[in-house]
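Chains as they are written, first to last, in my numbering: chain W, 395 to 568; chain S, -1 to 296.
Working notes, beginning with the structure itself.
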């Protein structure tokens, strides 16, 4: 029997955890549980990145998701009629279509993973400090325009959304 | 070995935080009080409220403690005394501390109580705002050190401590650390007088003991973070490195706790507008000024 390396074990373990928490998102009726299950699914993906020696990406994923999913939790609680899931509300709908869409998407992703020519595998990975330095140079050099444009677009969208929310709409009720 | 030693030091630190906190509240040095209070809590019944979200209710105090402990793993107390010197150390501290928010949301939602829930959601608003004041001053600290390694950050302050190099960043980070540890006057989450304990309200017995321990460890971890980022870490004349770390951490802890009883609790809306309208522009200014300083005085 071939020995499984610790790295393979951890990546598989957190991969399965990510899938399991993803399932929990739809199994529960509580908005809080749903949001936090999604958080832990994303955290597990962050742990997978760390397992794949992409430390910066992993830690960043673990950090960002905690705030984002907490914000999502409060919006879900605010906007859903039955946030605790104690009533009879059903979160699922259009089940047949969802199942078909899900299966097609899954098969497409598997096909992409299997049939893409990924090129030669990197023999060694630079250490974490070097990765961070490379990433910094990349972000401040070649990719700067892309990231700054994306950042500015997001900021504009946020300001616009806030402005729309703050300004009371004068509806003409005729 | 290092891990065991640091855990022991954190336990001693948590005890000292409790002693100092009692001293700031009633002006007396009650050295046995934290221990007797702990034993009393452990001896009491740990009540589970009606219709709780049991998973959140049980996980929240433990998660609070774990996040505070995880943040402490990348903080160097002496040049060699650090559990893991991660290349992403600074980012890792933020990542660990954000789970304090998750823990308090769980503690707010889990017990199915109105006061607890208000406390939890209050902390959400508070932390989303003040997490910016953690991350942005830290960016300026990393800019000067040209590294995310916490040990590198300490050695970058050999000539001049960051409290003098970037005083604005220090003030912002200090305030944000107090808000993150929900210390008075930012204790809207627990607010004894208006929310009857807030997120703590429905906890009792051993669960409350774990919750309070988590909070004490969080305070000492944040004090150690301030020392590492702004007060030159273990560096100082005459005394050995561990002594300097200990003195500085305890002094910062005392300062964080002393501010509370002297000031009235800030209103939620004021707290948030203070951060978004004043704190964040100042933090951006701090990054800009430190950027210029780094270019001018390399």
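Cβ coordinates follow ideal geometry from the N, Cα and C atoms, glycine included.
- Taking 9 Å as the threshold, the shortest C-beta distance from residue 128(S) to chain W does not fall below it.
- For the segment 442 to 474 of chain W, the set of positions with a beta-carbon nearer than 7 Å to some beta-carbon of chain S reads 449, 450, 453, 454, 456, 457, 460, 461, 464, 465, 467 and 468 in chain order.
- The Cβ atoms of residue 48(S) and residue 288(S) lie no closer than 9 Å to each other.
- Here the alpha carbons of residue 9(S) and residue 529(W) stand approximately 38 Å from one another.
- Proximity to residue 520(W) across 464(W), 448(W) and 436(W) peaks at 448(W), based on C-alpha coordinates.
- Annotation for residue 522(W): 447, 449 and 450 place their beta carbon closer than 8 Å to its own, counting only its chain and skipping 5 residues before and after.
- Residue 164(S) carries a coil assignment under DSSP once its states are collapsed to helix, strand and coil.
- When 8 Å is used as the limit between beta carbons, residue 430(W) is near these residues of chain S: 54, 100, 103 and 104, in chain order.
- Cβ atoms of residue 290(S) and residue 186(S) stay farther apart than 8 Å, at about 36 Å.
- For residue 426(W), the chain S residues whose Cβ falls inside 9 Å of its Cβ are 51, 54, 103, 104, 107 and 108, in order along the chain.
- Straight-line spacing of the CA atoms in residue 197(S) and residue 102(S) works out to 7 Å.
- Under the three-state reduction of DSSP output, residue 159(S) falls in the coil class, being neither helix nor strand.
- If you look at residue 442(W), you'll find it in the alpha helix (DSSP H) that goes 425 to 445.
- Taking 9 Å as the Cβ-Cβ cut-off, the segment 534 to 553 of chain W has no residue approaching chain S.
- Residues of chain S with a Cβ closer than 8 Å to the Cβ of residue 522(W) are, in chain order, 84, 85 and 86.
- Taking CB atoms only, residue 146(S) has a neighbour in chain W less than 9 Å away.
- Taking 9 Å as the cut-off, the Cβ atoms of residue 129(S) and residue 174(S) count as close.
- With the rule of 3 Cβ pairs closer than 8 Å, the segment 60 to 73 of chain S does not count as touching the segment 488 to 503 of chain W.
- DSSP places residue 475(W) outside both helix and strand once states are collapsed to three, so it counts as coil.
- Per DSSP, reduced to three states, the secondary structure at residue 194(S) is coil, with no helix or strand assignment.
- Against chain W, a Cβ distance below 7 Å from residue 90(S) picks out 453.
- Residue environment: residue 413(W) is assigned as exposed (fewer than 16 neighbouring CB atoms within 10 Å of its CB, all protein chains considered).
- For residue 143(S), no CB of chain W lies under 9 Å from its own CB, so it is not counted at the interface with that chain.
- By a beta-carbon distance limit of 8 Å, residue 40(S) contacts residue 204(S). Their separation comes to about 6 Å.
- Counting C-beta pairs with one atom in each stretch, the segment 68 to 88 of chain S and the segment 221 to 233 of chain S have three or more that are closer than 8 Å, which means they touch.
- In the structure shown, the three-state DSSP call for residue 184(S) is coil.
- With a cutoff of 9 Å on beta-carbon distance, residue 168(S) and residue 135(S) are scored as near each other.
- Within the same chain, and ignoring the five residues on either side of residue 83(S) in sequence, the residues whose Cβ sits closer than 8 Å to its Cβ are 72, 74, 147, 148 and 149.
- Residue 147(S) carries a coil assignment under DSSP once its states are collapsed to helix, strand and coil.
- In this structure, the straight-line span from the alpha carbon of residue 272(S) to that of residue 401(W) is close to 46 Å.
- When DSSP states are grouped into helix, strand and coil, residue 113(S) belongs to the helix group.
- Using a Cβ-Cβ cut-off of 8 Å, residue 405(W) is close to nothing in chain S; its nearest Cβ partner there is about 19 Å away.
- In the displayed model, residue 48(S) falls within coil according to three-state DSSP, outside both helix and strand.
- Neighbours of residue 439(W) across chain S, judged by C-beta separation under 8 Å, do not exist; the nearest C-beta is about 14 Å away.
- For residue 160(S), the number of other beta carbons within 10 angstroms of its own is at least 16, and it is reported as buried.
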